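*Asks:* So the sequence shown is residues 0 to 425, counted in numbering that gives the first Met the number 0. Backbone N, C-alpha and C define an ideal beta-carbon position, used for all residues, glycine too. None of the values given here were measured: they were computed from a predicted structure. The structure is given below, and queries will be raised subsequently.
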Amino acid sequence: MTSKRDSFGRPIVVVTGIGVVTSLGAGKADNWSKLVAGQSGIRTITRFPTDGLKTTMAGTIDFVPVDPFSSTDLSERLADIVTEEAIAQAGIGTKGDFPGPLFLAVAPVEVEWPQRQELAKSTGTTSDINYDTLLKVCGGGQFTGYHRRFLFGSVADHLAETFGTKGSPISLSTACASGATAIQLGVEAIRRGEADAALCVATDGSVNPEALIRFSLLSALSTQNDPPHGAVKPFSKNRDGFVMAEGAGALVLESYEAATARGAKILGVVAGCGELADSFHRTRSSPDGKPIIGCVRNALTDAGMVAEQIDYINAHGTGTPENDKMEYLGVATVFGDRTKSVPVSSNKSMIGHTLSAAGAVEAVFSLLTLAHQRIPPTINYDVPDPAIAFDVVPNKARDARVTAVMSNSFGFGGQNASLILTGEPA
């Protein structure tokens, strides 16, 4: 008989439903088949003019109609899609009545320039719009929708109303670790006995001119535009930056006791969550690697596991020179002699960097790896970097025995999170 508690006496937290949408498509079946086939969702941008931009490609989701377009509206729509898929698979609650809280990872809300210009024109000014003006202009009439879009929690409120989650929804943003952080908060709520179930969602629809320009000014984006599907080169010597992408992921978490009591199919276990932040720099990692090293160790400790038990690492793997180097340093320090033999791959080589959504999207792919016993490849790996001695599962998927996956999310500002996902308890 399986214990309902882990080795620390805490409730075991299991996953009973998952949903995902990326530039590869909508739904876990479509995404998984294309991911293991090594297909790329990176394409030349057609949503807006790219004249004068150094980077002209992204992992855009143009098959989900949002008219007129705004990043927040797309983020909300993507969140709807993945949440519907996850709840349907879990078969939990009833329509519009989810029996637990919502934790949502989302990009900070910012109205884009077309909407700003429209607001400015309506007020007879072209200067920056102050808060008082916004309250007057957006409080009613044709700009009512903009008022809601200025609120950071607007997407979470929408999801809570639509799916009937319990308690105040939590909106969070920890840079590129946000999706993993949302999952960690759900795990902790269940472990504390505050809920038997939690809905963890991460969404990002931020491919717009302003975001592209800002990341370009940081020299963070790849400029290898032709062909676009060859741009993301994680762990390669000729990598030159990440590629922005859109996507969303959702997980239904439950205590093992609650899930088995209702006969739910268990997709996996969130065995451990680790985090560690530093204040070294707004974008760069601490050169000694201590925050990443500590984050990985914290995840193992939280799971009650050692590095030898990890069969696969779903890397953060952005393709930037700095991040890939630091991720290798962190993993190699913890894994030691096993570093060269444990498979490591980057989903971002195919879907791009989904930013706030990445941690949840890649957790979904990690669970699918466990389910199918097949490791997705790192594509575009043609020029190995001798300084990064990972087994990157180059270019083709690999069948392998996988019982435990570590999924890493290392964000700007040293906001780091690692998850350990395992199969159903024996």
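Near Pro10, which residues of its chain fall below 8 Å by C-beta distance, leaving aside the five closest residues on each side in sequence?
*Replies:* Excluding sequence neighbours, Pro10 sits near Lys3, Arg4, Ile189, Arg190, Gly192, Ser254, Tyr255 and Glu256.
*Asks:* In the DSSP output, which residue or residues are listed as bridge partners for Ser235?
*Replies:* DSSP output for Ser235 lists Pro383 as bridge partner(s).
*Asks:* Quick one: what's got a C-beta closer than 7 Å to Val330's C-beta in the same chain, skipping five residues either side?
*Replies:* Val295, Ile312 and Thr338.
*Asks:* Using the three-state DSSP reduction, which class does Phe411 fall into: helix, strand or coil?
*Replies:* Residue state, collapsed to three classes: helix.
*Asks:* Under DSSP, the beta strand (DSSP E) around Leu252 begins and ends at which residues?
*Replies:* Taken as a continuous stretch (DSSP letters only), the beta strand (DSSP E) holding Leu252 covers Gly246 to Ser254.
*Asks:* Using the Cα positions of Ser69 and Arg400, report the straight-line distance between them to the nearest angstrom.
*Replies:* Cα to Cα, the separation comes out at about 43 Å.
*Asks:* Three or more beta-carbon pairs under 8 Å between the stretch 214-232 and the stretch 59-76, yes or no?
*Replies:* Cβ pair count under 8 Å is below three, so no.
*Asks:* For Pro98, which residues from the same chain have a beta carbon less than 6 Å from its beta carbon, with the 5 sequence-adjacent residues on both sides left out?
*Replies:* Closer than 6 Å at Cβ, skipping near neighbours: Gly92 and Ala196.
*Asks:* Taking C-beta to C-beta, are Ile17 and Leu211 nearer than 9 Å?
*Replies:* No, the pair does not count as a contact, with Cβ atoms beyond the cut-off.
*Asks:* Using the rule of at least 16 other Cβ atoms within 10 Å of the residue's Cβ for burial, across every protein chain shown, is Glu160 buried or exposed?
*Replies:* It counts as exposed.
*Asks:* Starting from Cys175, follow its DSSP beta bridges and name the residues at the other end.
*Replies:* Answer is Thr173.
*Asks:* Check whether chain C comes within 9 Å of Val404, counting only Cβ atoms and requiring the distance to be less than that.
*Replies:* Going by chain labels, chain C is absent from the structure shown, which holds only one protein chain.
*Asks:* Could you check how far apart the C-beta atoms of Ile374 and Ala396 are, in whole angstroms? I think they sit under 8 Å.
*Replies:* The Cβ separation is near 6 Å, so the contact holds.
*Asks:* Select from Ala403, Gly240 and Thr202 the residue whose C-alpha is nearest the C-alpha of Leu250.
*Replies:* Selected option, being the one with the closest Cα: Thr202.
*Asks:* Verify whether the separation of the beta carbon atoms of Ala439 and Met304 is less than 9 Å.
*Replies:* The shown model of the chain, from 0 to 425, leaves out residue 439, and the question about it has no answer.
*Asks:* Could you give the first and the last residue of the continuous beta strand (DSSP E) run that contains Asn313?
*Replies:* Asn313 -> beta strand (DSSP E) spans Tyr311 to Asn313.
*Asks:* Between the stretch 340-348 and the stretch 361-381, are three or more C-beta pairs nearer than 8 Å?
*Replies:* Yes, since at least three Cβ pairs between the stretch 340-348 and the stretch 361-381 fall closer than 8 Å, the two stretches touch.
*Asks:* What does the alpha-carbon distance come out to for the pair Gln372 and Phe389?
*Replies:* In a straight line, the C-alpha of Gln372 is about 20 Å away from that of Phe389.
*Asks:* Roughly how many whole angstroms lie between the Cα atoms of Asp336 and His352?
*Replies:* Spanning the two alpha carbons is a distance of roughly 29 Å.
*Asks:* Which residues bound the beta strand (DSSP E) around Asp203?
*Replies:* Unbroken beta strand (DSSP E) run through Asp203: Ala196 to Asp203.
*Asks:* Run the CB neighbour count on Gly40, radius 10 Å, all protein chains shown included, and call it buried at 16 or more, exposed below.
*Replies:* That one is buried.
*Asks:* Taking the DSSP output, what are the residues bridged to Phe241?
*Replies:* Note: Phe241 sits in a beta bridge opposite Leu220.
*Asks:* Cβ atoms of Pro100 and Pro168: under 9 Å apart, would you say?
*Replies:* Against a cut-off of 9 Å, the Cβ pair of Pro100 and Pro168 comes out as a contact.
*Asks:* What residue range does the alpha helix (DSSP H) around Leu354 cover?
*Replies:* Unbroken run through Leu354: none, as it is neither H nor E.
*Asks:* I need the boundaries of the alpha helix (DSSP H) containing Phe102, first residue and last residue.
*Replies:* Taken as a continuous stretch (DSSP letters only), Phe102 belongs to no alpha helix (DSSP H), being part of the beta strand (DSSP E) at Leu101 to Val105.
*Asks:* So, helix, strand or coil for Gly138, using DSSP?
*Replies:* Model confidence at Gly138 stands at a pLDDT of 48, short of 50, so the residue's coordinates are unreliable; what they give is reported in the following sentence. Three-state result, Gly138: coil.
*Asks:* Excluding five sequence neighbours on each side, which residues of the same chain lie with their C-beta closer than 7 Å to the C-beta of Met325?
*Replies:* Correct list, in chain order: Ser284, Gly288 and Ile291.
*Asks:* What three-state label does DSSP hand Thr45 in the structure shown?
*Replies:* Thr45 falls in the coil class under three-state DSSP.
*Asks:* Please report the distance separating the alpha-carbon of Gln223 from that of Gly262.
*Replies:* Near 50 Å, if we compare the C-alpha coordinates of Gly262 and Gln223.
*Asks:* Output the distance between the C-alpha atoms of Thr173 and Gly410, rounded to the nearest integer angstrom.
*Replies:* C-alpha separation (whole angstroms): 7 Å.
*Asks:* How close, in whole Å, do the beta carbons of Gly246 and Ser22 come, if the pair is a contact with beta carbons under 8 Å?
*Replies:* Right, their Cβ atoms sit about 7 Å apart.
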